[in-house]
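In this note's numbering, the protein residues as written are 16 to 199.
By construction, the Cβ of each residue, glycine as well, lies at the ideal position given by its N, Cα and C atoms.
Note that the coordinates shown come from a computational prediction; the quantities given were computed from them, not determined experimentally.
Below is one structure, written out as structure tokens; the observations come after it.
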């Protein structure tokens, strides 16, 4: 049972690899089976873009390649981590919640808040007031395309425009200025 397989491929290393594999397959099959000698069922010419195997690796090992050689192996732990080691890693002091030392009392409502951060309880009041100011601005402009290109000044009850406010858009509110809303 002699069969010779010839591959015409631009990848010379691939041709040699297939020839070695075919030779090993012929040697491993039992001899004396009735029928035709073994022949390849399908021969495909490899594309020219396949990389040529490294010459050093081919010279070092003349044995046929194993099917596990083409698998990309990932690292796996050799031993199981103990519960103590896992807990020490998870509960390391650098991973614990840090104590906050920058907490202060809000001067407006008295709730706790971080320093230099707006109080969450007071934020709702500010959001409502600015929403009412925006509605008043929309009514005055009668549309988004009529907005002037000047600065806006908000005046509350009892306040009068100053010399700096000349030429600016003035919005007047009919209520007392909230303590948290500073004057421009």
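State the Cα-Cα distance for the pair residue i and residue j, rounded to the nearest angstrom.
i, j, result
"residue 187", "residue 162", "17 Å"
"residue 139", "residue 130", "18 Å"
"residue 158", "residue 184", "15 Å"
"residue 149", "residue 155", "10 Å"
"residue 34", "residue 84", "17 Å"
"residue 99", "residue 108", "15 Å"
Name the residue from the options whose alpha carbon lies nearest to the alpha carbon of residue i.
i, options, result
"residue 118", "133, 102 and 110", "133"
"residue 211", "36, 152, 81 and 146", "Because the chain is modelled from 16 through 199, residue 211 falls outside the range shown and cannot be assessed."
"residue 146", "115, 110, 113 and 169", "169"
In this structure, how does DSSP classify residue i when only helix, strand and coil are distinguished?
i, result
"residue 169", "strand"
"residue 4", "In the structure displayed, the chain extends from 16 to 199; residue 4 sits before or after that span and is not available."
"residue 112", "coil"
"residue 16", "Annotation note: pLDDT 49 at residue 16 (below 50); position unreliable, coordinate value reported separately. DSSP places residue 16 in coil when its eight states are reduced to three."
For residue i, which residues in the same chain have their Cβ closer than 8 Å to its Cβ, ignoring the five residues on either side in sequence?
i, result
"residue 172", "188, 189, 190, 191 and 192"
"residue 165", "182, 183 and 184"
"residue 127", "118, 119, 120 and 121"
By the DSSP assignment, the alpha helix (DSSP H) with residue i in it spans what residues?
i, result
"residue 29", "27-43"
"residue 147", "135-156"
Locate the beta strand (DSSP E) running through residue i, then write down its first and last residues.
i, result
"residue 184", "184-187"
"residue 93", "Taken as a continuous stretch (DSSP letters only), residue 93 belongs to no beta strand (DSSP E), as it is neither H nor E."
"residue 129", "127-129"
Sorted by chain position, which residues of the same chain lie with C-beta nearer than 7 Å to residue i's C-beta, five sequence neighbours on each side aside?
i, result
"residue 142", "none"
Sorted by chain position, which residues of the same chain lie with C-beta nearer than 6 Å to residue i's C-beta, five sequence neighbours on each side aside?
i, result
"residue 123", "137 and 195"
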